[in-house]
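Have a look at the structure below before the remarks.
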Amino acid sequence: MIDLAQTLPQVLAQLAPVLVPFAAEDSPVWLLLAGPLGGGATYWLIYRYYRNTDKSHEFERDTLISAKPVQGGETRVDHISRTRDKDIDGDNSSRHRQRVRRIH
Amino acid sequence: MTQDPAEPPRSAYDGPPPPPPPSPPSLEEELAAAKAGPEPTPSIETVNESLRDGLNRCPKCGSTDVQLRASTGQLVCLFCRHEWQEERVEEDFGLGHGIEELEGTVIASGAADIRADVSDVVTFKCGGCGAEVSVDTSSAMNARCHWCRHTLNVNEQIPNGAVPDAVLPFKLTKDEAIARIRDFAGKRRLFALGRFKQEFVPDNVLGVYLPYLVIDAHAESEYRGVGEVQTRRWTEKQGDNNVTYYAADVYQVERQVKYTVDDLTMEGSADRANIAKENTNNIINTILPFDTKNAVRWNASYLVGFNSEKRDLNVAELKPKLEDQLLSIGRSQVSGSLRKFDRGVRWEQESIAVGGSRWVAMYLPVWLYSYQQQSNGLLHYIAVNARTGETMGSVPVSHPKLLLASITVGTVLEGIAAALLVASA
Numbered sequence: 001m002i003d004l005a006q007t008l009p010q011v012l013a014q015l016a017p018v019l020v021p022f023a024a025e026d027s028p029v030w031l032l033l034a035g036p037l038g039g040g041a042t043y044w045l046i047y048r049y050y051r052n053t054d055k056s057h058e059f060e061r062d063t064l065i066s067a068k069p070v071q072g073g074e075t076r077v078d079h080i081s082r083t084r085d086k087d088i089d090g091d092n093s094s095r096h097r098q099r100v101r102r103i104h
Numbered sequence: 105m106t107q108d109p110a111e112p113p114r115s116a117y118d119g120p121p122p123p124p125p126p127s128p129p130s131l132e133e134e135l136a137a138a139k140a141g142p143e144p145t146p147s148i149e150t151v152n153e154s155l156r157d158g159l160n161r162c163p164k165c166g167s168t169d170v171q172l173r174a175s176t177g178q179l180v181c182l183f184c185r186h187e188w189q190e191e192r193v194e195e196d197f198g199l200g201h202g203i204e205e206l207e208g209t210v211i212a213s214g215a216a217d218i219r220a221d222v223s224d225v226v227t228f229k230c231g232g233c234g235a236e237v238s239v240d241t242s243s244a245m246n247a248r249c250h251w252c253r254h255t256l257n258v259n260e261q262i263p264n265g266a267v268p269d270a271v272l273p274f275k276l277t278k279d280e281a282i283a284r285i286r287d288f289a290g291k292r293r294l295f296a297l298g299r300f301k302q303e304f305v306p307d308n309v310l311g312v313y314l315p316y317l318v319i320d321a322h323a324e325s326e327y328r329g330v331g332e333v334q335t336r337r338w339t340e341k342q343g344d345n346n347v348t349y350y351a352a353d354v355y356q357v358e359r360q361v362k363y364t365v366d367d368l369t370m371e372g373s374a375d376r377a378n379i380a381k382e383n384t385n386n387i388i389n390t391i392l393p394f395d396t397k398n399a400v401r402w403n404a405s406y407l408v409g410f411n412s413e414k415r416d417l418n419v420a421e422l423k424p425k426l427e428d429q430l431l432s433i434g435r436s437q438v439s440g441s442l443r444k445f446d447r448g449v450r451w452e453q454e455s456i457a458v459g460g461s462r463w464v465a466m467y468l469p470v471w472l473y474s475y476q477q478q479s480n481g482l483l484h485y486i487a488v489n490a491r492t493g494e495t496m497g498s499v500p501v502s503h504p505k506l507l508l509a510s511i512t513v514g515t516v517l518e519g520i521a522a523a524l525l526v527a528s529a
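Structure below.
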């Protein structure tokens, strides 16, 4: 049986990043989003717990891999002097299975 | 008198004149030959010669009444109770080492291409009484002689892809699998579909040997992209609000890594390899990996009492998938070298060079409970890795119950939010 007392903190943890920008505006009206967002997150979490649609074999971690030291380099090419984005567009450094353009 | 053996007697006629040297191939011919490349041929012979006649006899008493004893992972003679097992393929075929020295595509004989023109039905002449016994290799690997009750096994590799190089015997018993499936579904009762709860009979679990290709490879991959390093962060007042701004250096990033992978495992059946929303094959994929180092030489007696599924994917069809997985593995290996880029990295280009790969076909053991949801036809699986016990499943959900729970949680949160608003007004 799923324990809602355990699920609720998970739901709130999912909500936190969404609610923070509203909180920054110092308007308590953002609180009214808690209901629909909390309801949606509950639905999604329970569904995932039952159906496990997101699961797969983690071959990147579970296969015996022996790697030589990583080679490479980086060259500074530009400077961004003023942006509101807190991270780079299209960050895929942790999405190992998202394929990009093949060269050679 | 002695004769110099290095100087054979010469006859007056030395045969027809030598043919003229062949004309050099045209550019088109050379290009076509280069494009076609060498056809990969089996390089590791894994046929179990001792079982070629289809009769797998107990080495102690000669009976053919042999099957797997799951609790020990050994073959047991049902006549004299003698237990034994085949040799591990890891040592037998030297699969554990030499990965870095692999060149090209090395294929074991059980992983050779499937030939569509070869019949699934194999006929044996029973060594006990001489009767002819047929085995349909699409669904079974053994049959009993209907006259003398000898068990006949398909042990010889036939080019229809039915006989792999190795088999990993079942270790978890059916009772242990039932307990795990019951436990898994039991934790998901509250929001499960009512009909599923009524019809849930974990005793219907089936032991199935699923076909996999187990791959060793060495490769080098390269990645190019853009990374950003934050240099400054500050907050400005805009009206009543505070707005945060960032400054960053942008870098062109390159990474290369060489690596070997040992026993990367891929589905050999197109049905199982198709991981899409219309099925729950990801569940079966999730229970990987298996302890493939303990796989033994092929002997169909390991399959007595279990179902099996035939491989229908060839090495060539799986090569793009191997390259994809190697690229993912390389990306995970280089991710540790990106800590400097605290605003993240966007990879834009990648390349892979597979130096060599070795492919071995194996049957791996799975306890499988399946349930077809009538409303949408979706086949839900609860799968248990019959070696490690890892269990994963898909349980059909009752959407009305789930909606009710979501609305309840939403209403409670909205109530708290409204109370806070009233209090702050």
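As given, the protein sequences belong to chains A and B, one line each in that order. Reminder that position 31 of the first sequence reads as 31 in this note's numbering, one-by-one numbering, no gaps. Take any residue in the second sequence, count from 1 to its spot, add 104: that is its number in this note's numbering. Just so it is clear, CB atoms sit at the ideal spot from N, CA and C, and this is done for glycine as well.
Cα-Cα separation, residue i to residue j
i: residue 210/B; j: residue 71/A; result: 28 Å
i: residue 101/A; j: residue 454/B; result: 6 Å
i: residue 510/B; j: residue 308/B; result: 33 Å
i: residue 512/B; j: residue 299/B; result: 24 Å
i: residue 396/B; j: residue 44/A; result: 36 Å
i: residue 90/A; j: residue 422/B; result: 29 Å
i: residue 76/A; j: residue 354/B; result: 6 Å
i: residue 294/B; j: residue 385/B; result: 24 Å
i: residue 389/B; j: residue 59/A; result: 10 Å
i: residue 521/B; j: residue 507/B; result: 21 Å
i: residue 356/B; j: residue 267/B; result: 50 Å
i: residue 364/B; j: residue 160/B; result: 37 Å
i: residue 479/B; j: residue 69/A; result: 53 Å
i: residue 398/B; j: residue 33/A; result: 54 Å
i: residue 62/A; j: residue 527/B; result: 52 Å
i: residue 481/B; j: residue 500/B; result: 11 Å
i: residue 491/B; j: residue 278/B; result: 12 Å
i: residue 214/B; j: residue 152/B; result: 11 Å
i: residue 212/B; j: residue 224/B; result: 21 Å
i: residue 85/A; j: residue 347/B; result: 11 Å
i: residue 359/B; j: residue 149/B; result: 39 Å
i: residue 67/A; j: residue 437/B; result: 7 Å
i: residue 174/B; j: residue 470/B; result: 12 Å
i: residue 519/B; j: residue 35/A; result: 8 Å
Cβ-based neighbour list, residue i, same chain, cut-off 8 Å, excluding 5 preceding and 5 following
i: residue 400/B; result: 189, 190, 191, 192, 193, 270, 271, 272, 273, 406
i: residue 565/B; result: Lying before the first or after the last residue shown, residue 565/B is absent from chain B, which here runs from 105 to 529.
i: residue 112/B; result: Reliability of the predicted coordinates at residue 112/B is poor, the pLDDT of 43 falling under 50, and no value is obtained from them.
i: residue 205/B; result: 460
i: residue 538/B; result: Only positions 105 to 529 of chain B appear in this structure, which leaves residue 538/B out of reach.
Close Cβ partners of residue i (< 7 Å) along its chain, the five nearest in sequence each way excluded
i: residue 334/B; result: 350, 352, 446, 447
i: residue 249/B; result: 230, 232, 233, 235, 237, 256
i: residue 466/B; result: 268, 269, 270, 271, 272, 316, 318, 396, 399
Neighbourhood of residue i by C-beta, 6 Å cutoff - its chain only, sequence neighbours within 5 removed
i: residue 434/B; result: 325, 361
i: residue 24/A; result: Because the pLDDT of residue 24/A is 46, which lies under 50, any placement of that residue in the model is unreliable, and the question is left without a value.
i: residue 530/B; result: Missing from the structure shown is residue 530/B; chain B here goes from 105 to 529 and no further.
i: residue 320/B; result: 203, 366, 462
i: residue 93/A; result: none
i: residue 372/B; result: 315, 316, 317, 415, 417
i: residue 430/B; result: 323, 456
i: residue 244/B; result: none
i: residue 451/B; result: 327, 329
Anticipated Cβ contact below 8 Å, residue i with residue j, distance rounded
i: residue 288/B; j: residue 456/B; result: Not confirmed; about 37 Å, so no contact.
i: residue 310/B; j: residue 411/B; result: 6 Å
i: residue 475/B; j: residue 285/B; result: So it is not a contact: roughly 11 Å between Cβ atoms.
i: residue 343/B; j: residue 449/B; result: Between residue 449/B and residue 343/B the Cβ distance is about 35 Å, and since that is not below 8 Å, they are no contact.
i: residue 498/B; j: residue 296/B; result: In fact, because the Cβ distance is near 11 Å, the residues do not count as touching under 8 Å.
Residue i Cβ short of 8 Å to the ligand FMN heavy atom set
i: residue 251/B; result: Inclusion of the ligand FMN in the displayed structure is not the case, the ligand content being empty and no account of it being possible.
Between the segment 346-374 of chain B and chain A, which residues of the former have a C-beta closer than 8 Å to a C-beta of the latter? 346, 347, 348, 349, 350, 351, 352, 353, 354, 355, 356, 357, 358, 359, 360, 361, 362, 363, 364, 365, 366, 367, 368, 369
List, from N- to C-terminal side, the alpha helix (DSSP H) runs of 4 residues or more that fit wholly inside the segment 444-529 of chain B. 503-528
Curious, which full-length beta strand (DSSP E) runs of at least 3 residues does the segment 254-324 of chain B contain? The segment 254-324 of chain B contains, as complete beta strand (DSSP E) runs of 3+ residues, the segments 255-257 (chain order).
Along the chain, which unbroken stretches of the beta strand (DSSP E) at least 3 residues long are found entirely within the segment 19-85 of chain A? 64-67, 71-83
As an exercise, report each continuous alpha helix (DSSP H) stretch of at least 4 residues that is fully enclosed by the segment 146-197 of chain B, in chain order. 193-196
With 9 Å as the C-beta to C-beta threshold (strictly closer), list the residues of the segment 508-525 of chain B near chain A in chain order. 509, 510, 511, 512, 513, 514, 515, 516, 517, 518, 519, 520, 521, 522, 524, 525
For the segment 373-394 of chain B, enumerate the residues whose C-beta is nearer than 9 Å to any C-beta of chain A, in chain order. 379, 381, 384, 386, 387, 389, 390, 391, 392, 393
Completely contained alpha helix (DSSP H) runs for the segment 371-416 of chain B, where each covers 4 or more residues: 374-377, 385-390
Contact set between the segment 442-454 of chain B and chain A, restricted to residues whose Cβ is under 9 Å from the partner: Against chain A - using a Cβ distance shorter than 9 Å - the residues of the segment 442-454 of chain B are 442, 444, 445, 446, 447, 448, 449, 450, 451, 452, 453, 454.
If you measure beta-carbon to beta-carbon, which residues of the segment 406-432 of chain B are closer than 8 Å to chain A? 428, 429, 431, 432
Closer than 9 Å between beta carbons: that is the criterion. Which residues of the segment 478-504 of chain B meet it against chain C? No chain C appears in this structure, whose protein chains are A and B.
Going along the segment 283-299 of chain B in order, which residues come within less than 8 Å of chain A, judged by CB to CB distance? 291, 292, 293, 294, 295, 296
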